[in-house]
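Those letters in the sequence shown? Residues 214 to 815, per my numbering, in order.
Worksheet for the structure shown next.
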Amino acid sequence: MQNNRQKVRSFHTVNKVIACILSLVFVLVACAVPVYAEEEQIQTTPSRIPLTELEDTIDSYVATNQKNTAAVSIVAIKNGETIFNKAYGYADIEQQRKADSSTVFEWGSVTKLLVWTSVMQLVEQGKLDLDTDIKEYLPKGFLKKLEYDAPITLLDLMNHQAGWEDKMIDLWYLSENQVMDLGETLQKFEPKQIYEPRSVLAYSNYGVAMAAYIVEVQSGQPFYEYVNEHIFKPLDMKETTIHPSHQDRPDLMLRRDQVQGYTANVELIPKTKVYMNIYPAGGAMGTAEDAAKFLAALMPINHGHLLFKNKETLKEMLSTSLYYDGTSIPRIAHGFIEVEYWTPALEHGGNTLGFSNKLVFDPKSNFGLVVMTNQFEEEVYCFGLVQKLFGNNYRTSTVTSGNDGYYLTTRRSGSGFTKFYAYLLMEKYSTFELSNFTNVVEKDGIVEKVSFTYNDYVRVKSSTLLLIIATFIALAVATVFNLRAIIGYMFRLSKYKSKKWERPGTGFDKYHVAINVAGLAFVLNNAVLYMRAVSLDSSYSSLRIHLIFNLIYVILALAYLVLLIYKLWKISYSKKRKAVYIMSGVSALLFAAFIVGWELYF
Numbered sequence: 214m215q216n217n218r219q220k221v222r223s224f225h226t227v228n229k230v231i232a233c234i235l236s237l238v239f240v241l242v243a244c245a246v247p248v249y250a251e252e253e254q255i256q257t258t259p260s261r262i263p264l265t266e267l268e269d270t271i272d273s274y275v276a277t278n279q280k281n282t283a284a285v286s287i288v289a290i291k292n293g294e295t296i297f298n299k300a301y302g303y304a305d306i307e308q309q310r311k312a313d314s315s316t317v318f319e320w321g322s323v324t325k326l327l328v329w330t331s332v333m334q335l336v337e338q339g340k341l342d343l344d345t346d347i348k349e350y351l352p353k354g355f356l357k358k359l360e361y362d363a364p365i366t367l368l369d370l371m372n373h374q375a376g377w378e379d380k381m382i383d384l385w386y387l388s389e390n391q392v393m394d395l396g397e398t399l400q401k402f403e404p405k406q407i408y409e410p411r412s413v414l415a416y417s418n419y420g421v422a423m424a425a426y427i428v429e430v431q432s433g434q435p436f437y438e439y440v441n442e443h444i445f446k447p448l449d450m451k452e453t454t455i456h457p458s459h460q461d462r463p464d465l466m467l468r469r470d471q472v473q474g475y476t477a478n479v480e481l482i483p484k485t486k487v488y489m490n491i492y493p494a495g496g497a498m499g500t501a502e503d504a505a506k507f508l509a510a511l512m513p514i515n516h517g518h519l520l521f522k523n524k525e526t527l528k529e530m531l532s533t534s535l536y537y538d539g540t541s542i543p544r545i546a547h548g549f550i551e552v553e554y555w556t557p558a559l560e561h562g563g564n565t566l567g568f569s570n571k572l573v574f575d576p577k578s579n580f581g582l583v584v585m586t587n588q589f590e591e592e593v594y595c596f597g598l599v600q601k602l603f604g605n606n607y608r609t610s611t612v613t614s615g616n617d618g619y620y621l622t623t624r625r626s627g628s629g630f631t632k633f634y635a636y637l638l639m640e641k642y643s644t645f646e647l648s649n650f651t652n653v654v655e656k657d658g659i660v661e662k663v664s665f666t667y668n669d670y671v672r673v674k675s676s677t678l679l680l681i682i683a684t685f686i687a688l689a690v691a692t693v694f695n696l697r698a699i700i701g702y703m704f705r706l707s708k709y710k711s712k713k714w715e716r717p718g719t720g721f722d723k724y725h726v727a728i729n730v731a732g733l734a735f736v737l738n739n740a741v742l743y744m745r746a747v748s749l750d751s752s753y754s755s756l757r758i759h760l761i762f763n764l765i766y767v768i769l770a771l772a773y774l775v776l777l778i779y780k781l782w783k784i785s786y787s788k789k790r791k792a793v794y795i796m797s798g799v800s801a802l803l804f805a806a807f808i809v810g811w812e813l814y815f
């Protein structure tokens, strides 16, 4: 009996201890909940700036960078709602016209996101497949310059891996009357395929426009009409147009005309009103507030999916479609650029002749940002402000190649007179800084490829480098000889004239002088050609006169060489005169070889 009582007491004692412990846990949890709830209520940007301080943060940033600011319009989205919308600076500094929420900006390459959204809408409907050869969707014989048998898919277009060269000219038109039908434009300006599909990333406006044309073919609508009906209308984007000449929105055209374009240093750019021949790659324009509606639709919250019927389609579009070579680092998500800030984000930037923009968002936290400026290649806001709000996560490590090397951008011209220009922009590297924005591919200790966010650089072969060096040496020698020959002849002529002697030289001198004058004219002609070509607003037709002159020079050089051989066979000249004539022939041959070899005639 005594033992039973002791057992009962022990049992009650244990129960009391357990009850005390449970009560203590309950009190601790109850106290912790308000603290946790309070922390949850403090919403921040990806860089941990409280949203309550967002306006002050941006105001302060703009004030600090005011001297480098023309106009900038900034819109922030959180959980599908606009939490910040403000414009700063002047749309037209000279006229002191301030920017506001109604200011119209050119989207530039941010327009490409409308193409990829359209493609995914048709994928959802079963009208397109990302892994099918695009020739299946195009009229027969549409593409005539493909160099490789490997198929090009829509996914390749999204990843910029079709292998096309990049055209430097005829990207912009100054008159709306020059704008052609999209299909006609794509056929007329079809670029050469210089890389095998999927071997490199070569950023391609043409590839994006090709995807838009496929949308046209499969939907039966002009691309701008398709976007108006299936993107702008559902999102109530009444302040944006993607019409190739913007004629569907004369009100927006008028507001665009009230905006000037400036350099990054806030210097006026005289002519920025242009029309893009492959407009789906960069021809949209509108307000930042309207662009934010598109951004919000990419991060739908509760109110449903306005762009897609199935949420899985949006999920697929925003998933990684390309990684950096040999890594698990995301690079592209079906046309969206993947960037690792403090949190992984998706973005796309855009540039036109007088505007720079960026659309960036973090689908996980549902925070997004639209930045639009009227400055060419602007970085203070499109890069600096984005990093401030999303967090600077730039990390580096160093890789040293087995030997030095020159690297050539894959986004380049591979045919015609602009082919040579790309080699003038080669970069020399021996040590590489790897980061979350840079990756390299090595083979036997030699870095063969450097990959940046939007582009690859490939190592230039030694034989190509030797050819380029030889080309420059030959051009320099030929130019110096041309100058010396003409100056020498003029000096002798003036000397003989002052002493009233008989005119010097032989009957062949006139041809000798003519070919040397033509040689200097060739050098001057191509210097002017280069300056006009890189100005971006020159059309091929306006540059053709320079290419015709190059062809004429080749004909003159061949004629001189034939005549020289004939004269040397028929007439005996002094050794000195013979050497001078032959050197003129060699110079002419070098110039002609340069024209033909580097395709400076088309």
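Beta carbons are placed, not taken as given, at the ideal position from N, Cα and C, and that holds for glycine.
Helix, strand or coil for Lys522? Go by DSSP, reduced to three states.
The answer is coil: DSSP assigns Lys522 none of H, G, I, E or B.
Bridge partners for Tyr620 per DSSP, in chain order?
Its beta-bridge partners are Glu640 and Arg672.
Does the region 282-291 come into contact with the region 457-464, if we say contact requires no fewer than three beta-carbon pairs (one atom in each stretch) closer than 8 Å?
Result no; under three Cβ-Cβ pairs closer than 8 Å.
Expressed to the nearest angstrom, what Euclidean distance is found between the alpha-carbon atoms of Glu812 and Lys299?
Spanning the two alpha carbons is a distance of roughly 50 Å.
Any contact of the region 469-488 with the region 580-595, i.e. 3+ C-beta pairs under 8 Å?
The region 469-488, when compared against the region 580-595, does touch it at the 8 Å Cβ threshold.
Quick check on the DSSP output: the beta strand (DSSP E) that includes Asp379 runs from which residue to which?
Element bounds for Asp379: n/a, residue is neither H nor E.
Return helix, strand or coil for Gln391, following the three-state DSSP convention.
Three-state DSSP puts Gln391 in a helix.
Are Ala558 and Val552 close, meaning C-beta to C-beta below 8 Å?
Yes.
Who are Val552's beta bridge partners in DSSP?
Per DSSP, Ala558.
For the alpha helix (DSSP H) containing Arg196, name the first residue and the last one.
It is not possible to answer for residue 196, since the shown part of the chain is limited to 214 through 815.
Pull up the distance between the alpha-carbon of Gln600 and that of Ala509, whole angstroms please.
Those two C-alpha atoms are separated by around 20 Å.
For the beta strand (DSSP E) holding Ile407, just list the boundary residues, first then last.
Unbroken run through Ile407: none, as it is neither H nor E.
Following the continuous beta strand (DSSP E) through Lys571, name the residue where it begins and the one where it ends.
Residues Ser569 to Asp575.
Taking Leu803 as the reference, which of Ala792, Val747, Phe735 and Leu756 has the closest Cα?
Minimum Cα distance to Leu803 is reached at Phe735.
Looking only at DSSP bridge pairs, what is Arg757 linked to?
Partner(s): none; Arg757 has no beta bridge.
Are Asp575 and Pro263 touching if we call contact CB-CB under 8 Å?
No, the pair does not count as a contact, with Cβ atoms beyond the cut-off.
For a test of the three-state rule: what should DSSP assign to Ile255, helix, strand or coil?
Ile255: coil per DSSP, three-state reduction.
Start and end of the alpha helix (DSSP H) containing Ser797?
Lys788 to Gly810 is the extent of the alpha helix (DSSP H) around Ser797.
With contact counted as at least three CB pairs below 8 Å, one residue from each stretch, are the region 365-374 and the region 400-418 in contact?
The region 365-374 vs the region 400-418: in contact.
How many whole angstroms separate the CB atoms of Ile382 and Thr565, which I take to be in contact at a CB cut-off of 8 Å?
About 16 Å; that fails the 8 Å criterion.
So Leu519 and Leu448 are in contact, right, with Cβ under 8 Å, and what is the actual spacing, rounded?
Their Cβ separation, rounded to whole angstroms, is 6 Å, which keeps Leu519 and Leu448 in contact under 8 Å.
Just to check my reading of the structure: Gly420 and Thr453 have Cβ atoms closer than 8 Å, yes? What is that Cβ distance to the nearest angstrom?
Actually they do not touch by this definition, with Cβ atoms about 23 Å apart.
Let's test the definition: count the other Cβ atoms within 10 Å of the Cβ of Asn390 and tell me whether it reaches 16, buried, or not, exposed.
Looking at its Cβ environment, which holds fewer than 16 other Cβ atoms inside 10 Å, Asn390 is exposed.
Would you call Glu378 buried or exposed, if buried means 16 or more other Cβ atoms sit within 10 Å of its Cβ?
Counting Cβ neighbours within 10 Å, Glu378 comes out buried, since at least 16 surround it.
In this structure, how does DSSP classify Phe650 when only helix, strand and coil are distinguished?
Of the three classes helix, strand and coil, the one that applies to Phe650 here is coil, per DSSP.
At what residues does the alpha helix (DSSP H) containing Val663 begin and finish?
It is not in any alpha helix (DSSP H) - Val663 instead sits in the beta strand (DSSP E) that spans Ile659 to Ser664.
Less than 8 Å between the C-beta atoms of Leu326 and Leu572, yes or no?
Yes, the pair counts as a contact, with Cβ atoms nearer than the cut-off.
So what does Trp385 bridge to, in DSSP terms?
According to DSSP, which records beta bridges pairwise, Trp385 is partnered with Met489.
What are the boundary residues of the alpha helix (DSSP H) that Asp305 is part of?
Asp305 -> not in any alpha helix (DSSP H); beta strand (DSSP E) instead, spanning Glu294 to Asp305.
What is the DSSP secondary structure of Ser738, counted as helix, strand or coil?
Looking at the sequence itself, residue 738 is Asn, so the reference to Ser does not match. Asn738: helix per DSSP, three-state reduction.
Does the contact criterion of 3 or more C-beta pairs under 8 Å hold for the region 783-794 versus the region 670-690?
Cβ pair count under 8 Å is below three, so no.
Is it true that the CB of Asn490 sits closer than 8 Å to the CB of Leu384?
Going by C-beta atoms, Leu384 is nearer than 8 Å to Asn490.
Can you give me the C-alpha to C-alpha distance between Phe580 and Asn292, rounded to a whole angstrom?
Distance between the alpha carbons of Phe580 and Asn292: 7 Å.
Identify the continuous beta strand (DSSP E) that holds Met512 and give its terminal residues.
It is not in any beta strand (DSSP E) - Met512 carries neither H nor E in the DSSP assignment.
With 16 other CB atoms within 10 Å as the buried threshold, where does Val248 fall?
Model confidence at Val248 stands at a pLDDT of 40, short of 50, so the residue's coordinates are unreliable and nothing is read from them.
Please work out which residues of its chain come closer than 6 Å, Cβ to Cβ, to Leu267, disregarding the five sequence neighbours upstream and downstream, and give them in chain order.
Excluding sequence neighbours, Leu267 sits near Phe297.
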